[in-house]
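Structure first, commentary second.
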Amino acid sequence: MRILAVGGGSGGHVTPVVAVLREVKKQQPDAEMRFWVDRKFSKQARNVMVSFDSSVRVDVIASGKLRRYHNLSVVRQLLRLRTIVWPNFVDALKVCVGFVQSLVKLIAWRPDVIFTKGGYVCMPGGLAAHVLRIPLVIHDSDAHPGLTNRVLARWADRIGTGAPLEYYPYPKAISRYVGVPIREGFKPYSEQQRRVVKEKLGFPNNRPLVLVTGGGLGAERLNNAVADTISELAQFTSVILITGTGQYAEIRRRLPEDTDQVKVYDFVSDGMIDMLGAADVVVARAGA
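The numbering used here numbers the first residue of the sequence shown as 8 and each following residue consecutively.
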């Protein structure tokens with residue numbers, strides 16, 4: 008059995024894929040699996056996949072997004088040539104290139120099913136799946152369905168959702184509320200386990216541990232809020248800040264050294280279960 012998974016743009020569209028593929032591997036040990044991701048998140052995706060199964064081939068597909076700003080009128084958006092119109096034109100060309108890429112790759116290696124997790128990288132592969140009549144399964148864990156999933160839902164064979172179906176506009180006949188795929192390791196930690204993990208991470212046990220994360224790409228407001236108030240926070244807490252890839256260099260300049268009170272990471276995959284289990288408080292951005 009051949010399975011192609013597609014997702015990108017953020018960790019929320021990549022790490023759940025690992026949970027799905029891990030379960031597939033249990034049920035179909037001989038399954039051949041591949042993963043497609045956008046270029047921007049390809050480094051993190053490769054690290055995640057290697058930690059799961061190094062035999063899973065990861066390919067980069069050209070893709071782009073449609074910039075839409077609901078607080079601006081259509082006329083005002085059209086007048087912003089440099090920041091909206093031109094980037095949208097370039098990204099539309101990228102989607103076309105990605106569609107051709109997808110067709111070529113799917114003809115050379117035709118999967119039995121394509122699973123898309125979300126992110127604009129799914130558009131080229133999903134459209135190619137429709138053209139080639141390859142079964143398409145999509146999963147949506149966003150609170151508000153994005154444009155890509157709304158388009159692909161027209162041709163999907165099955166749709167899984169992270170929240171109850173009444174929150175989504177998808178056809179009920181092919182949709183099912185399945186929740187968000189997570190790895191088996193996510194479970195409550197005992198007090199002893201939390202103490203052991205805190206010590207392993209280099210934090211004292213006599214302070215509450217606060218974990219702040221904005222996802223794979225990060226959340227600028229969260230990152231800046233922690234950096235601006237770190238002297239106050241460090242007086243009575245230990246802090247883990249996962250900045251995401253977009254702002255890591257900037258935050259690292261503001262917080263140059265890790266201590267037993269503050270540690271900064273750009274992206275965490277395998278260690279995330281321990282960090283969440285050990286944390287007394289988690290501050291996170293809403294999203295997939």
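We treat Cβ as the ideally placed atom computed from N, Cα and C, and that holds for glycine.
Under a 10 Å Cβ-count criterion, Lys50 is classified as exposed, with fewer than 16 other Cβ atoms of the shown protein chains found around its own Cβ.
The C-alpha of Met130 lies about 9 Å from the C-alpha of Lys72.
Between the C-alpha atoms of Leu154 and Arg259 there is a straight-line separation of about 34 Å. The residue from Asp60, Leu216, Val271 with its alpha-carbon nearest to that of Lys33 is Asp60. A contact between stretches requires three or more CB pairs, one per stretch, nearer than 8 Å, and the segment 106-113 fails this requirement with the segment 88-97. The criterion of a C-beta distance shorter than 8 Å is satisfied by Ile145 and Asn156. Note on the segment 165-192: whole beta strand (DSSP E) runs with a minimum of 3 residues are 165-168, 182-184, in chain order. Around the Cβ of Arg228, a 10 Å sphere holds fewer than 16 other Cβ atoms; the residue is exposed. For Arg117, there is no enclosing beta strand (DSSP E), since its DSSP letter is neither H nor E. Sequence-distant partners of Gly209 (beyond 5 residues in either direction) whose C-beta falls short of 6 Å from its own C-beta, in its chain, are Asp267.
From the listed residues Lys194, Ala163, Ala241, Phe42, the smallest Cα separation to Ala136 is found for Ala163. In this chain, Ser197 is not harboured by any alpha helix (DSSP H), its DSSP state being neither H nor E.
Note on geometry: alpha-carbon atoms of Phe193 and Val204 lie some 14 Å from one another. Nearest neighbour of Ala150 by Cα position, chosen from Arg261, Gly125, Arg74, Gly225, turns out to be Gly125.
Counting of Cβ neighbours within 10 angstroms places Lys47 among the buried residues, the total reaching 16 or more.
Proximity to Gly169 across Tyr255, Pro152, Pro118 peaks at Pro152, based on C-alpha coordinates. DSSP places Ser62 in no alpha helix (DSSP H); its state is neither H nor E. Collapsing the DSSP output to three states places Ser109 in a helix. For Gln254, the number of other beta carbons within 10 angstroms of its own is at least 16, and it is reported as buried. Distances from the alpha-carbon of Ala286 to those of Met56, Ala180, Asp265, Glu198 put Glu198 closest.
If you compare the alpha carbons of Gly15, Tyr184, Ile10 with that of Leu224, the shortest gap goes to Gly15.
In the DSSP secondary-structure assignment, His146 is bridged to Gly167. The beta carbon of Lys270 is closer than 6 Å to those of Ile247 in its chain, skipping five residues each way along the sequence.
When DSSP reads this structure, Arg9 sits in a beta bridge with Glu39. Nearest to Pro215 by alpha-carbon distance, out of Thr250, Met282, Gly278, Glu173, is Met282.
Taking all protein chains in view, the Cβ of Arg83 is surrounded by fewer than 16 other Cβ atoms within 10 Å, so the residue is classified as exposed. By the criterion of a C-beta distance shorter than 6 Å, Arg41 is surrounded in its chain by Leu11, Arg64, once the five residues flanking it on both sides are discounted. Taking the Cα positions, Ile181 is about 35 Å away from Pro94. Minimum Cα-Cα distance from Val55 among the listed residues His20, Leu262, Glu206, Gly133 corresponds to His20. Here Val102 is near Ser70, since their CB atoms are less than 8 Å apart.
Ile68 and Ser109 have their C-alpha atoms roughly 7 Å apart.
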